[in-house]
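Taken in sequence, the protein lines are chains A and B.
Take my numbering: the final residue in the first sequence is number 288, and no numbers are missing along the way.
Take my numbering: the final residue in the second sequence is number 1368, and no numbers are missing along the way.
Positions of the beta carbon are idealized from the N, C-alpha and C atoms, including for glycine.
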Amino acid sequence: MPKHEELLRAPVKESRILPLCLVAPALLTVLVLFVYPLCYSLVTAFVDKGGQPTLGNFYRAFEFYSVDIGFTVVIVTLSTFAVGVLAIAIGGYLTLGECAPAVALLRWVYRWPLFIPFVVAAQCMRTFLAKNGLMNNSLVSLGLLDPQSTVGFLDWRGIVITFVWKQLPFVALLVSGAMASLDRTTIEAARNLGAGRLRILVEIVVPQVRPTLMVGLILSFVTMMSVLSVPIMVSGESPTMITVDMAFRINNYGDYGAANALGFISYALTGAAAWIYLRRGIAGGGKP
Amino acid sequence: MPGAGLEVAGLEVDYGSVRVLHGIDLAVEPGSFVALLGSSGCGKTTLLRAVSGFVPVSAGRVTVNGRDITAAPPDKRGMAMVFQSYALWPHMTTAQNIGYGLKLRGIARDAIKRRVEEILAMLELEGFGPRMVTQLSGGQRQRVALGRALAINPDILLLDEPLSNLDARIREDVRHEIKALQQGLGITAIHVTHDREEAMVMADRIVVMDQGRVAQHGTPEEVYNRPVSAFVAGFMGAGNTIRLSARPTEAGLAIVPGPNNTGATIAARALGPGVSPRHDGPVVAHFRSEAAELADPETVGDGTLVLSGRVEQASYPGGHYRYAVSVGDRKVIVDAAERLAVGAAVGVRLRAEALHLFPDSEQQGRLP
């Protein structure tokens, strides 16, 4: 039997199979359920029903849905911008607010929509934003609005409101966390020199949490680009979003080619957003 | 232009239900440099933050040139603070950091540029203006933080352990730079530190703090040579302690001979403020290692106090030898030029001026 010292000196035998076995289930799941469908849809966007290479799917997509593509970009960009502004406002108040009860209340309330699925959020907004919905009824009962002059928001505005309501907690959570982890003395130094809270937020806090804010906004942008339930449920009218058009091409015509072409355009739009972000990161010294 | 005078009266600060400052009274002369000295948790930074307006006070008053600023926000107190972590804004250049306070005051861009150049020249940072502060060394960042505070011509400069993140050699240089700048500008400065030597070198007056109270306030010489309590004596370097017995005599306070010490008489004028010449009973004597001398263990009768002991440990920190000498059940540290063997019997001679005596009841309390 080898001595204790010899055992300690003996080289450790490394098994190469065990790590692979541990990783394999996760890797297979990603490959089969994500990478394969993604590559397949990208390839079939350039193939016709006969299996021949073509750009016809893209001609059809642009011919029928160019307005919807523009509409999607505008809606998602507007929503992303609104989410960014409001997340900064919430994070800023949580970091710089001096009324402790208000800060505690906001900290408790703002995360709620994070746990609500898009489809439920859309249903909530249908009942809230309709012409005779909860919002208008409340305003009428408070005497702030005349019953004859109520207007429904179940159009592009409803989509934006739903997206912002749903995505704001996620970005606000990231941003407020980044703000909370800042060196507090950088805020105190500005205060000491005479900066007001708004100025501290804009000139001292936001520039320091910009990388985190950008990550949150890009993830939100990508998420909103892929939502189907909200545009269908909140706004049934035209123009609508790309996701609705994709579902329509498949369900009504079995046109996977055009649907995949629209999907490819979605990838390109989200990829462009990510590229702009990464480019800014490299220009800023390689920090994303 | 001389800086402003600051007065703190009966200042109390609570963190929740815990009182951390207990009725602090402090007067700072215009243009003087005051160091708040104490160990971690003694309340020195809290006092500085209460003066600067970042910590609300529970009771008491803070006045600058007679103007009550107790409830004023930090930016309305005419004070600028240099933080321990520098607190520079990493997304701004050196020039933007220094000029930010001026920008907030609505000063024209050209005037800001001139002032920033002036500050950079004063701090020997010419050419560093366009550089991001993240590209500067620790010492350079420290100077930028100082420049940012000085750029707005504050009445009072508050320094919250600004040198603690610097390495020893740079720290000594920056110490003298800050002191020279303060004297040159005639500005009032309050400096928080736990470093005794730093406080001694930089300050005109030292405020030693202990457990949220001022333990002693005086010039560096007063605090060093005439500590009012065992805590101050220990904090100011008189870390060796020995228990003795004393009784009053006409010539002063007599130290009664004991199993490990000779008798001695300390004239009343040589006694510090810690013990009365009429004290009768046990005392604890504090002394510094460099104030003790090694002597023949048989030495008696020359009027000085001699402790008999044995060398337990010897080391050479540079310039002299350092010995750990056991005296009865205690161990004292003594510096001496001569080399002695471990185990040698020695006498530790202590002249009257080297001793800081306190009633032994204080020994039962807290020693640093």
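Checklist entry - Name the chain A residues whose beta carbon is nearer than 8 Å to that of M1081/B? => result For a Cβ distance threshold of 8 Å, residue set E188, A189, N192 of chain A lies close to M1081/B, ordered along the chain.
Checklist entry - How about D1204/B and F1033/B: do their beta carbons lie closer than 8 Å? => result Taking 8 Å as the Cβ cut-off, D1204/B and F1033/B qualify as a contacting pair.
Next on the checklist: Just list the residues that DSSP pairs M1081/B with in beta bridges.
Outcome noted: When DSSP reads this structure, M1081/B sits in a beta bridge with L1158/B.
Checklist entry - Between L1244/B and V1192/B, is the Cβ-Cβ spacing less than 8 Å? => result No, the pair does not count as a contact, with Cβ atoms beyond the cut-off.
Checklist entry - For H1356/B, which of helix, strand or coil comes out of DSSP? => result Looking at H1356/B - three-state DSSP - the assignment turns out to be strand.
Next on the checklist: Among S220/A, L134/A, Y36/A, whose alpha-carbon lies nearest the alpha-carbon of A87/A?
Outcome noted: Ranked by Cα distance from A87/A, the first of S220/A, L134/A, Y36/A is S220/A.
Checklist entry - Would you call the segment 254 to 261 of chain A and the segment 53 to 72 of chain A touching, i.e. three or more CB-CB distances under 8 Å? => result Counting C-beta pairs with one atom in each stretch, the segment 254 to 261 of chain A and the segment 53 to 72 of chain A have three or more that are closer than 8 Å, which means they touch.
Item to check | Nearest-angstrom Cα separation, counted from P1220/B out to R1115/B | outcome: If I take the Cα positions, the gap works out to 35 Å.
Checklist entry - From this set, P1297/B, N1240/B, H1356/B, which residue's C-alpha is nearest V1334/B's C-alpha? => result Closest option to V1334/B, Cα to Cα, is N1240/B.
Next on the checklist: Any beta carbon from chain A within less than 8 Å of R1115/B's own beta carbon?
Outcome noted: No, R1115/B does not count as interfacial toward chain A.
Checklist entry - Nearest to E1293/B by CA position, among S1315/B, V1346/B, A1314/B, is which residue? => result Comparing C-alpha distances from E1293/B to each of S1315/B, V1346/B, A1314/B shows the shortest one belongs to V1346/B.
Checklist entry - Can you name the start and end residues of the alpha helix (DSSP H) that Q167/A belongs to? => result Residues 156 to 180.
Next on the checklist: So that I know if they touch, is there some Cβ in chain B lying closer than 8 Å to that of I159/A?
Outcome noted: No - not a single Cβ of chain B is within 8 Å of the one on I159/A.
Checklist entry - Cβ of L145/A within 8 Å of Cβ of N136/A? => result Yes.
Checklist entry - DSSP state of H1191/B, grouped into three classes? => result In the structure shown, H1191/B sits in a strand (DSSP, three-state: E or B).
Checklist entry - Helix, strand or coil: which one does DSSP assign to N1240/B? => result N1240/B falls in the strand class under three-state DSSP.
Next on the checklist: Please classify N251/A as buried or exposed, where buried requires at least 16 neighbouring CB atoms within 10 angstroms.
Outcome noted: Burial is judged here by how many other beta carbons sit within 10 angstroms of a residue's own beta carbon; N251/A has fewer than 16 and is exposed.
Next on the checklist: Would you say T185/A lies against chain B (beta-carbon separation less than 8 Å)?
Outcome noted: Cβ-Cβ to chain B under 8 Å: yes for T185/A.
Checklist entry - If we count Cβ pairs, one from each stretch, closer than 8 Å, do we get three or more for the segment 1274 to 1283 of chain B versus the segment 1321 to 1332 of chain B? => result No contact exists between the segment 1274 to 1283 of chain B and the segment 1321 to 1332 of chain B.
Checklist entry - Is there a Cβ from chain B that is less than 8 Å from the Cβ of P207/A? => result P207/A belongs to the set of residues whose beta carbon lies under 8 Å from a beta carbon in chain B.
Item to check | Bounding residues of the alpha helix (DSSP H) (the contiguous stretch that carries G70/A) | outcome: First-last of the alpha helix (DSSP H) with G70/A: 56 to 96.
Checklist entry - Since F118/A is in the beta strand (DSSP E), which residue starts that stretch and which ends it? => result No beta strand (DSSP E) contains F118/A, which is instead part of the alpha helix (DSSP H) from 118 to 129.
Item to check | When I90/A, F118/A, V85/A are compared against V230/A, the one with the closest alpha-carbon | outcome: Ranked by Cα distance from V230/A, the options I90/A, F118/A, V85/A are led by F118/A.
Checklist entry - Would R1175/B pass as a contact of E1161/B if the rule is Cβ separation under 8 Å? => result With respect to the 8 Å criterion, R1175/B and E1161/B are not classified as neighbours on the basis of their beta carbons.
Item to check | Residue-level contact to chain A via CB, Y1015/B, 8 Å cutoff | outcome: Y1015/B does not count as touching chain A.
Next on the checklist: Measuring straight from C-alpha to C-alpha, what distance separates N1225/B and G1186/B?
Outcome noted: Approximately 28 Å between the Cα atoms of the pair.
Checklist entry - Of all the options G196/A, Y93/A, F170/A, which has the alpha carbon lying nearest to the alpha carbon of T369/A? => result A question about residue 369/A goes unanswered here, because the residues of chain A that appear run from 1 up to 288.
Checklist entry - In chain B, which residues lie with their C-beta within 9 Å of the C-beta of I200/A? => result The contacting residues do not exist; I200/A stays about 10 Å from chain B at best.
Checklist entry - Quick one: what does DSSP say S1315/B is sitting in, helix, strand or coil? => result If DSSP states are grouped into helix, strand and coil, S1315/B belongs with the strands.
Next on the checklist: Checking 8 Å against the spacing of the C-beta atoms, do T1188/B and G1066/B come in under that value?
Outcome noted: No.
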